[in-house]
Amino acid sequence: MNWIKSNKILSIGIFATLICLSVIGYVFFDMISGKPEPVNASQKASSKQSVEQVSVPQADGNAGTNAFGETKNKVSEQDVMDYIHAMSHQKVEAEQKWDHYYITEDRIQFLIAEVESGNFENEDLYLDILTRWSEGDFSKADNDHNAVWKLLGGTVGKATGIMSEEEEKQYLEDYEHKFK
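Be aware that the sequence shown starts at 106, since it is given in my numbering, and climbs by one per residue.
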C-alpha cells in the first residue's frame, strides 16, 4: 500500500491502461464474434425490390401486440425511429448493426398509420421513407438509415451502401437469430 502511495502516477497509469485494454478487448471481441465473411458484391441488385415476405414469428395471437410483437399500441417518435433504424439494417452495409427487425408490409403500414395519426417532429422524413419502402423502393435505404441514425445520435455504424440481393439473403441467414 505504501508503494502505491509513493508511486501515484505510475499506479494511475497502470489502472488506466488496464481499463483501456478491457474496453478495447470487449469491442474487439464484440466485432469478431458472429460477424460473417463478406459476400461478393460484384453484382449489385436492382434498387427496386418487393418488400420481403419473410416468416416473422407472431406474438402467439395476442390481440394486444403491435406489428413488432410488442404490447404497446401507441408508439412514440423514439419508437418510430428505432423501428425504422432496425428495419433498415436488413438492406444496408454498415460496420456495426445492433437491432434487427424484418421489413414487412404489415410493419411499414403500421408505422405509416402511427406517424399519420401522431404529431411527430420529423413526420415528413418518416413518411417519405415508409412510403418508398411500401412501394418496394429501397434505393435510398442507406440515406434513410443515416438520416434516422443521426436523429438517434449515432456515432458508430453509419451505413456505407446498400447490400445486393445476394448479400441481403446471406445477411438474413447469418443473423437470423438476431432478427425479430
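Every residue, glycine too, gets a C-beta built ideally from N, C-alpha and C.
Source: prediction; values computed, not measured.
For this session: Evaluate the contact criterion for the segment 240–257 versus the segment 184–203: three or more CB pairs, one atom per stretch, below 8 Å.
Result: Enough Cβ pairs lie closer than 8 Å, so yes.
For this session: Would you kindly work out how many angstroms separate the C-alpha atoms of E142 and T176, rounded to a whole number?
Result: The count along the sequence shown starts at 1 and reaches residue 142 at position 37. The count along the sequence shown starts at 1 and reaches residue 176 at position 71. Legend: pLDDT at E142 = 37, less than 50; position of this residue unreliable, value from coordinates given subsequently. Just so you know, the alpha carbons of E142 and T176 end up roughly 36 Å apart.
Problem set entry | Cutoff 6 Å; reference A264; Cβ partners in own chain excluding five residues on either side | Taking the sequence shown and counting its residues from 1, the one referred to as residue 264 is at position 159. V197, A199, D247, H250 and N251, listed in sequence order.
Problem set entry | Cβ pair A172, F225 closer than 7 Å | Counted from its first residue, the sequence shown places residue 172 at position 67. Counted from its first residue, the sequence shown places residue 225 at position 120. Not a contact, by the Cβ cut-off of 7 Å.
Exercise. Taking Cβ to Cβ, would you say V180 is nearer than 7 Å to E219?
Worked result: Along the sequence shown, read from residue 1 onward, the residue named residue 180 stands at position 75. Along the sequence shown, read from residue 1 onward, the residue named residue 219 stands at position 114. A contact, by the Cβ cut-off of 7 Å.
Problem set entry | Cβ-based burial, K202 [other Cβ within 10 Å; buried from 16] | Translated into the one-based positions of the sequence shown, residue 202 becomes position 97. Buried, by the Cβ-count rule.
Exercise. In angstroms, rounded to a whole number, what distance separates the CA positions of I114 and E221?
Worked result: Mapped onto the sequence shown, residue 114 falls at position 9. Mapped onto the sequence shown, residue 221 falls at position 116. So the alpha carbons of these two residues sit roughly 59 Å apart.
Problem set entry | Secondary structure of E198, DSSP reduced to three states | Counting from one through the sequence shown, the residue named residue 198 turns up at place 93. DSSP places E198 in the strand class (E or B) of the three-state scheme.
Problem set entry | Cross-strand partners of A264 (DSSP beta bridge) | Locating residue 264 in the sequence shown gives position 159, where the first residue counts as 1. When DSSP reads this structure, A264 sits in a beta bridge with A199.
Exercise. What distance in whole Å lies between the Cβ atoms of I189 and I234, which are believed to be in contact at a cut-off of 8 Å?
Worked result: Counted from its first residue, the sequence shown places residue 234 at position 129. Counted from its first residue, the sequence shown places residue 189 at position 84. Taking 8 Å as the upper bound for CB-CB distance, I234 and I189 are in contact here, some 6 Å apart.
Exercise. Quick one: is E286 buried, meaning 16 or more other Cβ sit within 10 Å of its Cβ, or exposed?
Worked result: Outside the shown range of the chain, which is 106 to 285, sits residue 286, and nothing can be said about it.
Exercise. What number of angstroms, rounded off, separates the C-alpha of G129 from the C-alpha of L123?
Worked result: The residue you call residue 129 lines up with position 24 of the sequence shown. The residue you call residue 123 lines up with position 18 of the sequence shown. Before going on, a small fix: residue 129 reads as Ile here, not Gly. Approximately 10 Å, taken between the alpha carbons.
Exercise. Closest by CA to D211, which one among S127, K274, E272 and W238?
Worked result: The sequence position of residue 211 within the sequence shown is 106, counting from 1. Its Cα nearest to that of D211, the residue W238 stands out among S127, K274, E272 and W238.
Exercise. From G223 to D187, what distance separates their C-alpha atoms?
Worked result: Along the sequence shown, read from residue 1 onward, the residue named residue 223 stands at position 118. Along the sequence shown, read from residue 1 onward, the residue named residue 187 stands at position 82. Distance from the CA of G223 to the CA of D187, rounded to the nearest whole angstrom, comes to 16 Å.
Exercise. Can you check whether the CB of K285 is closer than 7 Å to the CB of Y206?
Worked result: Residue numbering aside, residue 206 sits at position 101 when the sequence shown is read from its first letter. Residue numbering aside, residue 285 sits at position 180 when the sequence shown is read from its first letter. For Y206 and K285, yes; Cβs fall inside 7 Å.
Exercise. Which runs of the alpha helix (DSSP H) fall wholly inside the segment 233–261 and span at least 4 residues, in chain order?
Worked result: 246–256, all fully within the segment 233–261.
Exercise. Given V185, which residues of its chain have a CB within under 7 Å of its CB, disregarding the five upstream and five downstream residues?
Worked result: Your numbering for residue 185 matches position 80 in the sequence shown. Beyond the five residues adjoining it in sequence on each side, V185 comes within less than 7 Å, by CB distance, of L216, E219, V220, F225 and Y231 in the same chain, given in chain order.
Exercise. On the premise that W254 lies in contact with G262, defined as a C-beta separation below 8 Å, what is that separation, rounded to the nearest angstrom?
Worked result: Within the sequence shown, residue 262 is the residue found at index 157, counting from 1. Within the sequence shown, residue 254 is the residue found at index 149, counting from 1. By a beta-carbon distance limit of 8 Å, G262 contacts W254. Their separation comes to about 7 Å.
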